[in-house]
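> So for the sequence shown, this note's numbering puts the first residue at 133; every next one is plus one. The beta carbon of each residue, even a glycine, is placed where N, CA and C say it ideally should be. There's a structure below that I have some questions on.
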Amino acid sequence: MLERYGHGGDLLSASELYGIHEDHLLDFSSNMNPLGPPQVVADILSQYMQHITKYPDPAIRQLRSTIASKHLVDLEEVIVGNGAAELIDLVVRYFQPKTAAIVAPSFIEYEQALQKNGCKITYIESEAVNGFTPNEQQVDKLIQQQSIELYMLGHPNNPTGQLLSEQMVTNLLRSGAIVVLDEAFLDFHQHEDELSWISKVSKYRNLFVIRSMTKFYSIPGIRLGYMIGAVNQLQHMKQMQYPWSVNSLAQLIGHAVLQDQSYASESKSWLVEEANWMYEQLACLHVKPFRTVTNYILVDLAYGYEITASELQQLMGKQGILIRDASTFKGLQSSYIRLAIKSRQQNIHCISVLTNILSTHRKDVGDEL
Ligand SMILES: Cc1ncc(COP(=O)(O)O)c(C=O)c1O
Numbered sequence: 133m134l135e136r137y138g139h140g141g142d143l144l145s146a147s148e149l150y151g152i153h154e155d156h157l158l159d160f161s162s163n164m165n166p167l168g169p170p171q172v173v174a175d176i177l178s179q180y181m182q183h184i185t186k187y188p189d190p191a192i193r194q195l196r197s198t199i200a201s202k203h204l205v206d207l208e209e210v211i212v213g214n215g216a217a218e219l220i221d222l223v224v225r226y227f228q229p230k231t232a233a234i235v236a237p238s239f240i241e242y243e244q245a246l247q248k249n250g251c252k253i254t255y256i257e258s259e260a261v262n263g264f265t266p267n268e269q270q271v272d273k274l275i276q277q278q279s280i281e282l283y284m285l286g287h288p289n290n291p292t293g294q295l296l297s298e299q300m301v302t303n304l305l306r307s308g309a310i311v312v313l314d315e316a317f318l319d320f321h322q323h324e325d326e327l328s329w330i331s332k333v334s335k336y337r338n339l340f341v342i343r344s345m346t347k348f349y350s351i352p353g354i355r356l357g358y359m360i361g362a363v364n365q366l367q368h369m370k371q372m373q374y375p376w377s378v379n380s381l382a383q384l385i386g387h388a389v390l391q392d393q394s395y396a397s398e399s400k401s402w403l404v405e406e407a408n409w410m411y412e413q414l415a416c417l418h419v420k421p422f423r424t425v426t427n428y429i430l431v432d433l434a435y436g437y438e439i440t441a442s443e444l445q446q447l448m449g450k451q452g453i454l455i456r457d458a459s460t461f462k463g464l465q466s467s468y469i470r471l472a473i474k475s476r477q478q479n480i481h482c483i484s485v486l487t488n489i490l491s492t493h494r495k496d497v498g499d500e501l
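See below:
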């Protein structure tokens, strides 16, 4: 199984499993911007090589200031981490909630961070028939019972690609519980600023918004993410971080890429076109794709085919294409896969291999197809 360590994008495991060199694998199992990294990343890596002989700025001042300007928040409302993953872990370690709620399915690190801290988790249902929107009645009930100390929710959610409703988030914030919104993939959206909850951080002191910089700028190996929230809480959280958790090259890269406006707008326009194209192609294949606002798409194979996600992953892997077996997400059946949305040429190749494999696994349902 490709998700041996819980995530997609594990090229070493894939290479061992399929006997193909990492450089010859096409990775649809993790969701990076196919346009990236921006040119400035290579420039920094070559020009600032000598920076590794010095310690990074422990207070990450320049990058925090750039992030603060981008989101029109105060410098002290920004904390930077070694990827969004560090901040998911940190926020849970800091609040130590006894009870928390997350959506099923959602990013595995929410559950793992909470479990590590001995927290009791309630799973908010989200079903295919409702396009994977979280069950609002269940959420209302949780709010009324006041039994949940912390909600951790993806906006948009991974793997479903769905945004949270404004009403639901507002209700949660008014309940007084800690609300952690993971906006790791929101920068791909054309209306990122309007949809983000960052501007509400000064109004709701119980709101914490986490951002990743690794997906949009295609720098997962660099590790970079940030969180915006109430100053007094962030000050304590900072003290719980490991010293120098964000290295000097990551700090320089973060500062530089955030200023590359043309890269940002090109990426956002690319996604609108390519997400539609991918959806249409998949729909023609008689699988069930779910509409997405971001650069990955959830697909149910059971609609027209008798093949599990893990079987398909194996068959595609042997042909050098890695897909995410989404049945490892809580709440999804064995027929769910998640595909990254990549460049047109790569997407065409993926769809063509998928079509060939699926053609030998059709459900015997006659006219239904
Ligand atoms: C929803 C979500 N949040 C956060 C992360 C972690 O991102 P980072 O690479 O910044 O640690 C991921 C990584 O896949 C993710 O899918």
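Suppose contacts are defined by Cβ-Cβ distances below 8 Å. Is SER331 in contact with LEU318 by that definition?
Indexing the sequence shown from 1 puts residue 331 at position 199. Indexing the sequence shown from 1 puts residue 318 at position 186. Result no, Cβ atoms of SER331 and LEU318 do not sit closer than 8 Å.
> Do three or more CB pairs link the segment 387-404 to the segment 210-217 at distances below 8 Å?
no
> Roughly how far, in whole angstroms, is the beta-carbon of SER341 from the beta-carbon of MET300, given that I think they are within contact range, below 8 Å?
Residue mapping note: residue 341 aligns to position 209 of the sequence shown, counting from 1. Residue mapping note: residue 300 aligns to position 168 of the sequence shown, counting from 1. The identity of residue 341 in the sequence shown is Val, whereas the question assumes Ser. Actually they do not touch by this definition, with Cβ atoms about 16 Å apart.
> Please name the residue, chosen from SER380, SER350 and HIS139, that lies closest to MET181 on a Cα-to-Cα basis.
Mapped onto the sequence shown, residue 181 falls at position 49. Ranking the options by Cα distance to MET181, first place goes to SER380.
> With a CB to CB cut of under 7 Å and the five nearest residues on each side skipped, what residues in its chain are close to HIS493?
Position 361 of the sequence shown, counted from the start, is the residue given in the question as residue 493. The answer, listed in chain order, is TYR437, GLU438 and ILE439.
> Would you mind listing the alpha helix (DSSP H) stretches within the segment 304-344 that are 4+ residues and don't spill past its ends, in chain order?
With a minimum length of 4 residues, the continuous alpha helix (DSSP H) runs that stay inside the segment 304-344 are 324-327.
> Residues in the same chain with beta-carbon distance under 8 Å from MET372, minus the five sequence neighbours each way, listed in chain order, please.
On the sequence shown, position 240 is the one that residue 372 refers to. Within its own chain, the residues whose Cβ lies closer than 8 Å to the Cβ of MET372, once the five positions on either side in sequence are excluded, are LEU222, ARG225 and TYR226, listed in chain order.
> For the alpha helix (DSSP H) that VAL431 lies in, which residues bound it at each end?
The residue labelled residue 431 in the question sits at position 299 within the sequence shown. Segment 428-432 is the beta strand (DSSP E) holding VAL431; no alpha helix (DSSP H) there.
> Can at least three beta-carbon pairs, one atom from the segment 392-399 and one from the segment 199-208, be found at a separation below 8 Å?
no
> Taking the beta carbon of PRO266 as the centre, do at least 16 other beta carbons fall within 10 Å, making it buried, or is it exposed?
For this step, residue 266 is matched to residue 134 along the sequence shown. By the neighbour-count rule (16 or more Cβ atoms within 10 Å), PRO266 is buried.
> Rounded to a whole number of angstroms, what is the C-alpha to C-alpha distance between THR254 and THR231?
Here residue 254 is taken as the residue at index 122 of the sequence shown, counted from 1. Here residue 231 is taken as the residue at index 99 of the sequence shown, counted from 1. If you take the alpha carbons of THR254 and THR231, they lie about 8 Å apart.
> Which residues mark the beginning and the end of the alpha helix (DSSP H) in which ARG196 is found?
Within the sequence shown, residue 196 is the residue found at index 64, counting from 1. Unbroken alpha helix (DSSP H) run through ARG196: 193-203.
> In angstroms with no decimal places, state the Cα-to-Cα distance between PHE422 and TYR187.
Position 290 of the sequence shown holds residue 422. Position 55 of the sequence shown holds residue 187. Cα-Cα distance, rounded: 46 Å.
> Return the chain-ordered list of same chain residues with a C-beta closer than 7 Å to the C-beta of GLY138, the five sequence neighbours on each side being excluded.
Counting from 1 along the sequence shown, the entry for residue 138 is found at position 6. Only ILE240 meet the Cβ criterion.
> Is it buried or exposed, ASP499, if we count other Cβ atoms within 10 angstroms and call 16 or more buried?
Against the sequence shown, residue 499 aligns to sequence position 367. Only weak support is given to the placement of ASP499: the predicted model assigns it a pLDDT of 47, under 50, and the question is left unresolved by the model.
> Classify LEU445 as buried or exposed, calling it buried when 16 or more other Cβ atoms lie within 10 Å of its own Cβ.
The sequence position of residue 445 within the sequence shown is 313, counting from 1. The sequence shown places Gln at residue 445, not Leu. When all chains shown are included, GLN445 counts as buried.
> Just curious, the alpha helix (DSSP H) that VAL172 is in, first and last residue?
Counting from one through the sequence shown, the residue named residue 172 turns up at place 40. Start and end: 171-179.
> Taking 8 Å as the cut-off, decide whether the C-beta atoms of ALA441 and TYR468 are in contact.
Position 309 of the sequence shown, counting from 1, holds the residue named residue 441. Position 336 of the sequence shown, counting from 1, holds the residue named residue 468. Cβ distance < 8 Å, so ALA441 and TYR468 count as in contact.
> Any heavy atom of ligand 1 inside 7 Å of the beta-carbon of HIS139?
Walking along the sequence shown from the start, residue 139 turns up at place 7. For ligand 1, at least one heavy atom lies less than 7 Å from the Cβ of HIS139.
> Determine the direct distance from the alpha carbon of ASN165 to that of HIS473, and round the result to whole angstroms.
The sequence position of residue 473 within the sequence shown is 341, counting from 1. The sequence position of residue 165 within the sequence shown is 33, counting from 1. The question names His, yet the displayed sequence has Ile at residue 473. Answer to the nearest angstrom: the Cα atoms are 8 Å apart.
> Given this structure, state the Cα-to-Cα distance separating GLN269 from ASP155, to the nearest angstrom.
Your numbering for residue 269 matches position 137 in the sequence shown. Your numbering for residue 155 matches position 23 in the sequence shown. Answer to the nearest angstrom: the Cα atoms are 47 Å apart.
> Have a look at PRO237, SER350, GLU259 and ALA260 and flag the residue whose alpha-carbon is nearest the alpha-carbon of GLY286.
Taking the first residue of the sequence shown as 1, we reach residue 286 at position 154. It is PRO237.
> Once you ignore the five residues that flank ILE220 on each side, which residues in its own chain have a CB closer than 6 Å to its CB?
By 1-based counting over the sequence shown, the position of residue 220 is 88. Here the set comprises GLU241 and ALA245.
> Apart from the five residues on each side of it in sequence, which residues of its chain come closer than 6 Å, Cβ to Cβ, to LEU501?
One-based indexing of the sequence shown puts residue 501 at position 369. At LEU501, the pLDDT of 46 sits below 50, so the modelled position is not reliable and the matter cannot be decided from this model.
> Report the three-state DSSP secondary structure of LYS420 (helix, strand or coil).
Taking the sequence shown and counting its residues from 1, one reaches residue 420 at position 288. Of the three classes helix, strand and coil, the one that applies to LYS420 here is strand, per DSSP.
> Nearest-angstrom Cα distance between ASP496 and LEU490?
Residue mapping note: residue 496 aligns to position 364 of the sequence shown, counting from 1. Residue mapping note: residue 490 aligns to position 358 of the sequence shown, counting from 1. Each residue's alpha carbon lies about 13 Å from the other.
> Counting only the same chain and skipping the five closest in sequence on each side, list residues whose C-beta sits under 7 Å from that of LYS420.
Position 288 of the sequence shown, counting from 1, holds the residue named residue 420. VAL431, ASP432 and TYR435.
> If you draw a straight line from the C-alpha of LEU304 to the C-alpha of MET133, how long is it?
On the sequence shown, residue 304 is found 172 positions in, with the first residue counted as 1. On the sequence shown, residue 133 is found 1 positions in, with the first residue counted as 1. Going by the C-alpha atoms only, they are around 37 Å apart.
> Roughly how many whole angstroms lie between the Cα atoms of ILE184 and SER145?
On the sequence shown, residue 184 is found 52 positions in, with the first residue counted as 1. On the sequence shown, residue 145 is found 13 positions in, with the first residue counted as 1. Their Cα atoms are separated by approximately 30 Å.
> Only counting the same chain, and skipping five residues up and downstream in sequence, which positions put a Cβ closer than 7 Å to that of ASP189?
Translated into positions along the sequence shown, residue 189 becomes position 57. Within the same chain, ASP189 has close Cβ partners GLN383.
> Locate the beta strand (DSSP E) running through ILE268, then write down its first and last residues.
Start at 1 with the first residue of the sequence shown, and residue 268 comes out as number 136. In the sequence under discussion, the amino acid at residue 268 is Glu, which differs from the Ile named in the question. Per DSSP, GLU268 belongs to no beta strand (DSSP E); it is in the alpha helix (DSSP H), 268-277.
> I'd like to confirm the pairing. Which residues does DSSP put opposite SER258 in its beta bridges?
Counting from 1 along the sequence shown, the entry for residue 258 is found at position 126. In the DSSP output, where bridge partners are listed per residue, SER258 has PRO266.
> Rounded to a whole number of angstroms, what is the C-alpha to C-alpha distance between ILE483 and THR424?
Residue 483 sits at position 351 when you count from the first residue of the sequence shown. Residue 424 sits at position 292 when you count from the first residue of the sequence shown. Each residue's alpha carbon lies about 17 Å from the other.
> Please report the straight-line C-alpha distance between GLU326 and HIS387, rounded to a whole angstrom.
The sequence position of residue 326 within the sequence shown is 194, counting from 1. The sequence position of residue 387 within the sequence shown is 255, counting from 1. If you take the alpha carbons of GLU326 and HIS387, they lie about 22 Å apart.
> With distances taken from CA atoms, which of GLY151, ALA217, ILE310 and ALA174 is nearest SER344?
For the purposes of this step, residue 344 is taken as the residue at position 212 of the sequence shown. The shortest Cα separation from SER344 among GLY151, ALA217, ILE310 and ALA174 belongs to ALA217.
> Name all residues in chain order for which at least one heavy atom of ligand 1 lies closer than 6 Å to the residue's CB.
Residues with a Cβ closer than 6 Å to any heavy atom of ligand 1, in chain order: GLY215, ALA216, ALA217, PHE239, GLY286, ASN290, ASP314, ALA316, SER344, THR346, PRO352 and GLY357.
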